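A short worksheet on the structure shown next.
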Amino acid sequence: MGCGGSMMTDYGGMSLDDYRDALASSDPTPGGGTAAAVALSQAAALTCMVADLTLGRERWQGGWLGAQAAKDLATPLLTRGHELAGEDAAAFDAVMAAFRLPKASDDEQVRRRTAIQEATHGAAEVPLETAREALSLLNSLPELASSGNSNAVTDVGVAGLLAGAACKGALFNVEINARSLPDELGSSLLEELDDLRASAKQISRAVMDSVNRRIND
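Taken in order, the sequence shown gives residues 4 to 220; the numbers are from my numbering.
Shown next as C-alpha cells:
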C-alpha cells in the first residue's frame with residue numbers, strides 16, 4: 004500500500020521474540036496500530052479456544068449456539084488480524100513516503116498534497132477496519148461468557164480485554180489521521196469513530212459483567 008511501494012511485513016509469521024523486538028525498536032513501525040491488530044488476532048484465538056472447549060460437550064450444550072457463533076466470527080480474524088497489522092504499518096509508511104515527495108514546483112506541491120491526503124485517508128481506513136472487527140468479536144463474548152464452558156470463563160475475560168484494547172487502540176489511529184483530513188473526508192470517519200468507541204465501552208463492560216457473574220456463581 005502507498006507511495007513507497009514497500010513490502011508488507013508478515014507479522015503473523017514472526018516469532019514472539021522477533022515481534023516484541025520490532026515493537027520495542029525506535030522504528031516508527033510497527034506501532035500502536037499494528038499492536039492493536041495483533042491483539043485482535045489474539046482475542047480471536049482465545050475465543051476459538053473457549054468455543055472448542057464448549058462445542059460437543061453435553062454439559063455445555065446450552066452454550067453450543069453461542070459458542071459456534073463466536074467461533075464463526077473469530078476464525079477468520081486469526082489471520083485477518085495479522086494481515087491488518089501489516090496493512091497498518093504499510094499505511095503509515097505510505098504517509099511518510101508521501102511527505103518525502105518533492106515539492107520544488109507548483110505541480111510537485113499539488114501532487115505531494117494529493118498523495119499525503121490519499122495516504123492519510125488510507126491510514127485511517129485500516130485501523131477503522133480493525134476497530135470494526137474487534138467490536139464484532141466483542142459482541143459475541145457476553146453470551147460465550149454466560150453459557151460457554153465455565154472452566155474457561157476467565158479466558159473469555161482476557162479475550163474481551165484484548166478485543167476492547169484492539170478496538171479502542173485502533174480508534175486512536177483513526178482519529179489522529181481523520182483530524183488531518185479535510186472535513187468532507189474526515190467528518191464521516193469521526194462520526195463512526197464516536198459510535199464505535201461508545202459501543203466498545205458498553206460491550207466491554209457487558210463482557211466483564213458476564214465473566215464476573217460466572218466466576219462468582
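We put the CB at the ideal spot given by N, CA and C, even for glycine. Remember, it's a predicted structure, so these values are computed and weren't measured experimentally.
Check: If you pair each beta-carbon of the stretch 47-61 with each one of the stretch 100-119, do three or more pairs fall below 8 angstroms?
Finding: no
Notebook entry, point to check: Which whole-angstrom value describes the C-beta separation of V214 and G151, a residue pair presumed to lie in contact below a C-beta threshold of 8 angstroms?
Noted result: Rounded, the Cβ-Cβ distance is 11 angstroms, inconsistent with contact.
Item checked: Nearest to E194 (by Cα), restricted to the options R182, Q205, Q71 -> R182
Check: So A40 packs on D91, CB below 8 angstroms; how close in whole Å?
Finding: That pair is a contact at about 6 angstroms.
Next item on the list: Tell me, please, whether the stretch 185-202 touches the stretch 125-135 by the rule of three or more beta-carbon pairs shorter than 8 angstroms.
Entry: yes
Note to self: Among R23, S18, G65, T32, whose alpha-carbon lies nearest the alpha-carbon of M11?
What the structure shows: Checked all of R23, S18, G65, T32; the closest Cα to M11 is T32.
Check: How about L147 and A73: are their beta carbons less than 8 angstroms apart?
Finding: yes
Next item on the list: Would you identify the three-state DSSP class for E146, choosing helix, strand or coil?
Entry: E146: helix per DSSP, three-state reduction.
Next item on the list: Kindly indicate the opening and closing residues of the alpha helix (DSSP H) around A107.
Entry: A107 -> no alpha helix (DSSP H), and no H or E assigned at all.
Notebook entry, point to check: Under three-state DSSP, which class holds N215?
Noted result: helix
Check: Helix or strand or just coil, what does DSSP make of G69?
Finding: In the structure shown, G69 sits in a helix (DSSP, three-state: H, G or I).
Next item on the list: Buried or exposed for N180, please, with buried defined as at least 16 other CB atoms from any protein chain shown within 10 angstroms of its CB.
Entry: buried
Checklist line | Rounded separation between R216 and L140 - CA only | finding: 20 angstroms
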